[in-house]
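Taking the UniProt record's numbering, the leading residue of the sequence shown gets 1, the next gets one more, and so forth.
The structure appears below as structure tokens.
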Amino acid sequence: INVCVMNLHVMHSSTRDYRPESGTYRMLVFLLLPLLAYGKDWNYDPTSPLGPANWKEKYPTCGGQNQSPIEIRAMDTLIDPNRTPLFLLNDRKRLTGATLTNIGDGVLMTIPTKHYLVFYDLGALPGQYRVHESIFKWPAEHIIDGEQKPLELQIMTWNTNMYVEYKDAVGKPNGRAIFSVLFTVYNHMESPRLYLDDGLKKLNTTLYSITNPGDEAQIDDDSNTYYELRNSMPAPDYFKDRYYRYNGSLSSPSCDEGILRIVFKENRFIADIQFEAFRRLKGSDGSPTLDGLSRPVQSLNEREVTR
Numbered sequence: 001i002n003v004c005v006m007n008l009h010v011m012h013s014s015t016r017d018y019r020p021e022s023g024t025y026r027m028l029v030f031l032l033l034p035l036l037a038y039g040k041d042w043n044y045d046p047t048s049p050l051g052p053a054n055w056k057e058k059y060p061t062c063g064g065q066n067q068s069p070i071e072i073r074a075m076d077t078l079i080d081p082n083r084t085p086l087f088l089l090n091d092r093k094r095l096t097g098a099t100l101t102n103i104g105d106g107v108l109m110t111i112p113t114k115h116y117l118v119f120y121d122l123g124a125l126p127g128q129y130r131v132h133e134s135i136f137k138w139p140a141e142h143i144i145d146g147e148q149k150p151l152e153l154q155i156m157t158w159n160t161n162m163y164v165e166y167k168d169a170v171g172k173p174n175g176r177a178i179f180s181v182l183f184t185v186y187n188h189m190e191s192p193r194l195y196l197d198d199g200l201k202k203l204n205t206t207l208y209s210i211t212n213p214g215d216e217a218q219i220d221d222d223s224n225t226y227y228e229l230r231n232s233m234p235a236p237d238y239f240k241d242r243y244y245r246y247n248g249s250l251s252s253p254s255c256d257e258g259i260l261r262i263v264f265k266e267n268r269f270i271a272d273i274q275f276e277a278f279r280r281l282k283g284s285d286g287s288p289t290l291d292g293l294s295r296p297v298q299s300l301n302e303r304e305v306t307r
């Protein structure tokens, strides 16, 4: 049993990299995730010997020089003269069949391979980056000018110009990029015009079905309301050339480095009552919510952040 548990923990830790579609795998994860997701060898408790400051003892890369997240200070960023506008292909495509999973320290959105969502520009990026999966974390892991937003969407992608499948890009040069969207929560009573984006409402409905770690539910899709990735993105005119870029890593073990990190400057708005749908989810350490299960910011070291 111990061997099985250990192997499954490794599989869960790499869910952010490659999530198998096997029904057997899903059943095992569903049964054992409450024991595994918070980890036998890592967690988010800053007072624990298994907390973020000690991840490097088990996962040496977590102590590397190019770790994420970071605090971005706008005044210290450099202008990239080669930057070109950034676009997202098929952002208005209904994500039919997409699923949400409570992974114990966030919400994983798995997107079927039939949906071809690609970030691309006119040459500054080392390739076109296809969306693999996404993770919602709260509070946000990246901090900008001292402000930490309540929610961050991290969109994992891989370079399709160089690698056929996501698994081929893992650990490879220019293989992966993570695009981060930060959310601002507003009072729906004070700002009724912003109230309840239809796409986010569809997401919220699904969140109520994944209260406990291991719970999984498909995002409902009907003729009236449906979810598109653009529902979680800044307005196109804002994200085209308004973003920060740096060389980073995964923000949880195994903390793989060599990952292009892009953080959009423009925030997405979410109503307070919509955000509560995230905050009510339970963590796999037995905590009543997933609040606070984010990695602290890491040292920038010798890296540059461009804008």
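Glycine included, C-beta positions come from ideal geometry on N, C-alpha and C.
None of these values were measured; they are calculated from a predicted model.
Sequence-distant residues of its chain with Cβ nearer than 7 Å to residue i (five each side left out)
| i | result |
| --- | --- |
| I273 | H188 |
| D45 | G51 |
| D145 | R73, A74 |
| F275 | P150, L151, V185 |
| Q148 | P139, A140 |
| W158 | Y129, R130, H132, Y166, A169, G175, R176 |
| D220 | K202, T205, T206 |
| A277 | N204, L207, Y208 |
| R295 | P52, P69, E141, S251, S252 |
| residue 309 | There is no way to answer for residue 309, as the model of the chain reaches only from 1 to 307. |
| S48 | none |
Sequence-distant residues of its chain with Cβ nearer than 6 Å to residue i (five each side left out)
| i | result |
| --- | --- |
| Q218 | T99 |
| L290 | L281, G283 |
| L250 | D256 |
| G39 | With a pLDDT of 48 at G39, under the threshold of 50, the modelled position of that residue is not reliable, and no figure is offered here. |
| L260 | A177 |
| L35 | For L35, the pLDDT reaches just 43, beneath the cut-off of 50, and the residue's location in the model is therefore unreliable, leaving the point undetermined. |
| K58 | D41 |
| T160 | Q128, R130 |
| V263 | H142, S180, Y244 |
| L89 | V118 |
| V305 | I72, T77, Y244, Y246 |
| S191 | none |
Per DSSP, the bridge partner or partners of residue i
| i | result |
| --- | --- |
| S284 | Answer is none; S284 lacks a bridge partner. |
| N159 | Y129 |
| N102 | V107 |
| F183 | L151, R268 |
| Y208 | DSSP, once it has assigned bridges, lists no residue as partnering Y208. |
| R303 | None, per the DSSP bridge assignment. |
| Y120 | F87 |
| A177 | T157, L260 |
| L78 | T306 |
| S134 | M109, I155 |
| R94 | E228 |
| I144 | I72, E147 |
Neighbour-count burial assignment, residue i, 16 or more Cβ in a 10 Å radius
| i | result |
| --- | --- |
| V131 | buried |
| R303 | exposed |
| R92 | exposed |
| D105 | buried |
| Q65 | exposed |
| S180 | buried |
| V164 | exposed |
| E133 | buried |
| N82 | exposed |
| P234 | buried |
| K172 | exposed |
| K114 | exposed |
| S254 | buried |
| S299 | exposed |
Nearest residue (CA-CA) to residue i, options the options
| i | options | result |
| --- | --- | --- |
| Y166 | I111, E141, I103, P49 | I111 |
| G123 | T47, D80, P60 | D80 |
| V297 | A177, W55, Q67 | Q67 |
| L125 | R245, W55, S254, R295 | R245 |
| L182 | D76, P288, N231 | N231 |
| L293 | W158, M109, I135 | I135 |
| E216 | E71, A169, M109 | M109 |
| N301 | K56, V263, T47, I70 | I70 |
| L78 | D220, R242, P288 | R242 |
| L203 | L153, V170, G214 | L153 |
| V107 | K172, C62, G214, F119 | G214 |
| M156 | G175, T61, I143, S48 | G175 |
| N102 | W158, I210, M162 | I210 |
| T206 | G97, P288, I262 | G97 |
| K265 | N54, H142, D121, T84 | H142 |
| R279 | N247, R307, G258, K137 | K137 |
| T84 | D76, C62, F119 | F119 |
| N288 | N212, V305, M162, R307 | Sequence inspection shows Pro at residue 288; the Asn mentioned does not correspond to that position. For the residues N212, V305, M162, R307, the minimum Cα distance to P288 belongs to N212. |
The alpha helix (DSSP H) enclosing residue i, as first and last residue numbers
| i | result |
| --- | --- |
| Y116 | Unbroken run through Y116: none, as it is neither H nor E. |
| Y246 | Per DSSP, Y246 belongs to no alpha helix (DSSP H); it is in the beta strand (DSSP E), 243 to 249. |
| Y166 | 166 to 169 |
| K56 | 55 to 58 |
Contacting residues, own chain, Cβ-Cβ under 8 Å from residue i (five flanking each side not counted)
| i | result |
| --- | --- |
| residue 351 | The chain is shown from 1 up to 307; residue 351 falls before or after that span and cannot be answered. |
| Y186 | L194, F269, I270, A271, D272 |
Contact test: residue i Cβ vs the ligand FAD heavy atom, cutoff 7 Å
| i | result |
| --- | --- |
| Y129 | Inclusion of the ligand FAD in the displayed structure is not the case, the ligand content being empty and no account of it being possible. |
Residue span of the beta strand (DSSP E) that contains residue i, given as start and end
| i | result |
| --- | --- |
| A217 | 216 to 218 |
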